[in-house]
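Line order of the protein sequences matches chains S and U.
Mind the numbering: the first sequence is residues 16 to 258 in the working numbering, read in order.
Mind the numbering: the second sequence is residues 51 to 465 in the working numbering, read in order.
The beta carbon of each residue, even a glycine, is placed where N, CA and C say it ideally should be.
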Amino acid sequence: MTAPVLRVRGLVKEYGEGDARVRALRGVDLDVDKGDYVAVMGASGSGKSTLMNILGCLDVPTSGSYQIDGADVGLLDEHRLALLRNRRVGFVFQSFNLIPRMSALANVELPLVYGGVGQAERRSRALAALEQVGLSDRLHHEPNQLSGGQQQRVAVARALVTAPALLLADEPTGNLDTASTRDVLDILDRLSASGRTIVVITHEDDVAAHAKRVIRLVDGAIVEDRRRAPVDGPPPRLAEAAR
Amino acid sequence: MNRLEILRFALRGLLANKMRSALTTLGILIGVAAVILLVAVGEGSSQSIQKNIQRLGANTLTISPSFTGGGGRGGPAGGGQNTGPRTQARQLTLADAEALADRAAAPSVASVSPVVTAGSATATYEAASHDIGQLVGTYPSYFEAMNKQVARGTYFFNDDVLAARKVMVLGTTVAEELFGDLDPIGRQVGVSGVPFTVVGVLKESGSTGMQDADDVALAPLPAVQQSLTGFGPLGSIVVRATGASATASAQAEVTAILNQRHGVTGGAAADYRILNQATLQETVSAATGTFTVLLGAVAAISLLVGGIGITNIMLVTVTERTREIGIRKAIGAPRGAILGQFLMEATLLSLVGGLSGVLVAFAGTRFTIAGIEPVLVPSSVALALGVSVGIGLFFGGYPANRAAKLRPIQALRHE
């Protein structure tokens, strides 16, 4: 067994000072193995978004340790952290967070630009990523010309294009209608089947049903950790479909 | 992430908000152009004033009587009571002028022109009449010494002086007032009832300040003395030095001769005054320098306002795009890349604005502004450009740096 992609120990995050102090996370321990598809569930205020932001290196924990691919994130400087976000983690946001007035292709190319990939390779990888999410015919549309589902698929393509070790999705279907939700979840299923490590945050059981492992978070602590399918196997929905 | 990519991002960022970019550029353009143009106008006016002074004759000394030394005398006939050590202050006479023309005693003196001036002389031609501002009786050498050139007709000559012929050279103002469109050459003008024949019209020299330099008439000295002023003392003596470098020695020679002739000795104050055009020029250029500095200060304020415009826009741009910065950071943009992009945007804005400001100023200096031909001062171009780019860099860089330092989540949550 190789080292887990994610290893979190005693993660604590507090906001505010003194009386106004809120403990969003109170000591979370979590290992995610390579190829796993994890859904983190919880009511709003349970600290799941906080956990996701810390896992995505967007925020820093108050205490506790956190390793991605064996690298201790807490020890990295600003520049290495940027590299890590760029190469190891792909992030999909609830509100898409595409850069306005940039075409879908340019948005997907962006992480590669910051990663220092040459123009020709950048183009072909971005095209491949958009192909994967089924948007080859929307390359030059700007975000405001795309539907919510299409925007989210562009965001998924952007998260994938650097071939990250870990794909993080924070309520990826939260702002989408059912048809678009299905599209995005299908894409995640396929990615999981191809061996990508995925962590999804959601409060919808439908979404969680796609995951191989479901973790339930209440008041900043893990209360339930249930495995629904083996790490190396296909995600449950695809397994059902194949049956 | 190379420079070309940063440049592309910056251009894309600017083009995303064309109107705002254009207005910011315009603000800088106006600031830079104003500095360069106003300094150029200041420089131009100071040069034109200097030229006007030079036109009066750069190498000339004007000697006029002064009564401060003798004190308490006024009559034109000469000889009054003095309270000072000297008993008598003397007027300037034709004999003084002749003594100054002595080559042996005054080798630096090229020519001497005695001058009498008739105040309030009214010239008439048929029904037209005009009060001549300055009616000067002098020698022909005066034309050269004072840089008066004839546009039409001729000068008067030494023969005219010897024969005391009543001929006259008019300034353009006088000629226009009396004759309008007629050619004045050869016609008779009555000056206080005495007829003078017009032989020439001076080139227009333009008005300098309050005084109209073209409101003059020149006639031979004896003719004016005979008919208008009488054979009293001279109003002044204009001495032309042999060269620009000789004015100081000419002044010394003139002083020596006059001191001797007027009996001025030791600590006694002289009864005449020597006005040196070179000294005058220095004084005036110091004054016009102040003027240029004043204009420059006004222009600097407009540049400052333009700079505040850049600052404002940069602050707004960065604040507004904090979320975008957050997204870029979340997908792995290093701080340097983000800072580079915003710095590049600021530089492009201020550079494009500054350079077009320079172009506008270059175009503007080709025209005459309020009667002054502007003269471009290279250092003002460098200063204006430098300040605008500097302000752009600093005030673009500062908020961008602050935003780039935020944790991605803070930037993303920014609304």
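**Item:** Straight-line Cα distance separating L409 of chain U from L344 of chain U
**Value:** 23 Å
**Message:** Report the start-end ranges of each alpha helix (DSSP H) in the segment 307-386 of chain U that is 4 residues or longer and not cut off at the edges.
**Reply:** 327-370, 372-380
**Residue ranges of each beta strand (DSSP E) within the segment 71-123 of chain S, 3 or longer** = For the segment 71-123 of chain S, whole beta strand (DSSP E) runs of length 3 or above, ordered along the chain, are 78-83, 104-107.
**Asked** Can you list, in chain order, the residues of its chain whose CB lies under 7 Å from that of T342 of chain U, leaving out five sequence neighbours each side?
**Response** V89, G92, E93, S96
**Asked** For I363 of chain U and chain S, any beta-carbon pair shorter than 8 Å?
**Response** No, I363 of chain U does not count as interfacial toward chain S.
**Asked** Are the Cβ atoms of I388 of chain U and A454 of chain U separated by less than 8 Å?
**Response** yes
**Item:** chain S within 8 Å of L457 of chain U, Cβ atoms only
**Value:** The sequence as given places Arg at residue 457 of chain U; Leu does not occur at that position. Yes, because at least one Cβ of chain S sits closer than 8 Å to the Cβ of R457 of chain U.
**Message:** Check whether the segment 138-158 of chain U and the segment 169-181 of chain U are in contact - that is, three or more C-beta pairs closer than 8 Å.
**Reply:** no
**Prompt:** Closest to K49 of chain S by CA distance: which of S:V214, S:G25, S:D234, S:R231 is it?
**Reply:** S:V214
**Asked** Taking buried to mean at least 16 other C-beta atoms within 10 Å of its own C-beta, is A380 of chain U buried or exposed?
**Response** buried
**Asked** For T222 of chain U, which three-state DSSP category applies?
**Response** helix
**Request:** Have a look at the DSSP bridge pairing and note the partners of Y175 of chain U.
**Result:** U:A178
**V199 of chain S beta carbon less than 8 Å from that of G164 of chain S** = Yes, the Cβ-Cβ distance between G164 of chain S and V199 of chain S is below 8 Å.
**Inside the segment 248-280 of chain U only - alpha helix (DSSP H) runs reaching at least 4 residues** = For secondary structure counted as the alpha helix (DSSP H) over 4 or more consecutive residues, the segment 248-280 of chain U holds these complete runs in sequence order: 271-274.
**Request:** Buried or exposed for T418 of chain U, please, with buried defined as at least 16 other CB atoms from any protein chain shown within 10 angstroms of its CB.
**Result:** exposed
**Request:** Evaluate S158 of chain U with the Cβ neighbour count: other Cβ atoms within 10 Å of its Cβ, from every protein chain shown; 16 or more gives buried, anything less gives exposed.
**Result:** buried
**Cα-Cα separation between N132 of chain U and A319 of chain U, rounded to whole angstroms** = Reliability fails at N132 of chain U, whose pLDDT of 42 lies under 50, so the model's placement of it is uncertain and no value is given.
**Prompt:** Considering only residues of the same chain and omitting the five flanking positions on each side of L443 of chain U, which have a CB-CB separation below 8 Å?
**Reply:** Hits under 8 Å: L393, A396, T397, S400.
**Message:** Quick check: the segment 75-86 of chain S against the segment 22-29 of chain S, are at least 3 beta-carbon pairs closer than 8 Å?
**Reply:** yes
**Request:** Rounded to whole angstroms, what's the CA-CA distance from V222 of chain S to A54 of chain S? Just pull it up for me.
**Result:** Rounded to the nearest angstrom, the gap between the Cα atoms of V222 of chain S and A54 of chain S is 8 Å.
**Asked** Hey, is R38 of chain S's beta-carbon within less than 8 Å of any beta-carbon in chain U?
**Response** no
**Request:** Please look up how many angstroms separate the CB atoms of A144 of chain S and V123 of chain S, rounded, as I've assumed it's under 8 Å.
**Result:** So it is a contact: roughly 6 Å between Cβ atoms.
**Request:** Grab the span of the alpha helix (DSSP H) containing V439 of chain U for me, first residue to last.
**Result:** 428-455
**Prompt:** E32 of chain S touches chain U at which residues, Cβ-Cβ below 8 Å?
**Reply:** Within chain U, no residue comes near E32 of chain S; the closest Cβ sits about 16 Å away, beyond 8 Å.
**Asked** Does the distance from the C-beta atom of G376 of chain U to that of A461 of chain U stay below 8 Å?
**Response** yes
**Request:** Give the secondary structure of V56 of chain S by DSSP, where H, G and I count as helix, E and B as strand, and everything else as coil.
**Result:** Just to set this straight, residue 56 of chain S is Met in the shown sequence, not Val. DSSP places M56 of chain S in strand when its eight states are reduced to three.
**Item:** Proximity to R176 of chain S [Cα-Cα], best of S:D92, S:L90, S:G57, S:L125
**Value:** Per the sequence presented here, residue 176 of chain S reads as Val, with Arg not at that position. When only C-alpha atoms are compared, the closest one is S:L125.
**Item:** Near-chain S residues of the segment 379-406 of chain U (beta-carbon distance less than 9 Å), N- to C-terminal order
**Value:** K379, A380, I381, G382, A383, P384, R385, G386, A387
**Item:** CB of R228 of chain S within 8 Å of CB of D51 of chain S, strictly
**Value:** Inclusion of R228 of chain S and D51 of chain S in the CB contact set at 8 Å is warranted, their separation being smaller than that value.
**Message:** Tell me the DSSP secondary structure of V20 of chain S in three-state form.
**Reply:** coil
**Request:** State the DSSP-derived secondary structure class of P245 of chain U, mapped to helix, strand or coil.
**Result:** strand
**Asked** Since T204 of chain U is in the beta strand (DSSP E), which residue starts that stretch and which ends it?
**Response** Neither: T204 of chain U is in no beta strand (DSSP E) and is coded neither H nor E.
**Message:** Quick check on I113 of chain U: buried or exposed, where buried means 16 or more other Cβ atoms within 10 Å of its Cβ?
**Reply:** buried
**Asked** Using a C-beta to C-beta distance shorter than 7 Å, which residues of chain S count as neighbours of I377 of chain U?
**Response** N112, I114
**Prompt:** Is there contact here, the segment 200-207 of chain U with the segment 242-257 of chain U, by at least three beta-carbon pairs under 8 Å?
**Reply:** In short, these stretches touch, since the Cβ pair count reaches three.
**Message:** Which residues does DSSP list as the beta-bridge partners of Q238 of chain U?
**Reply:** U:T247
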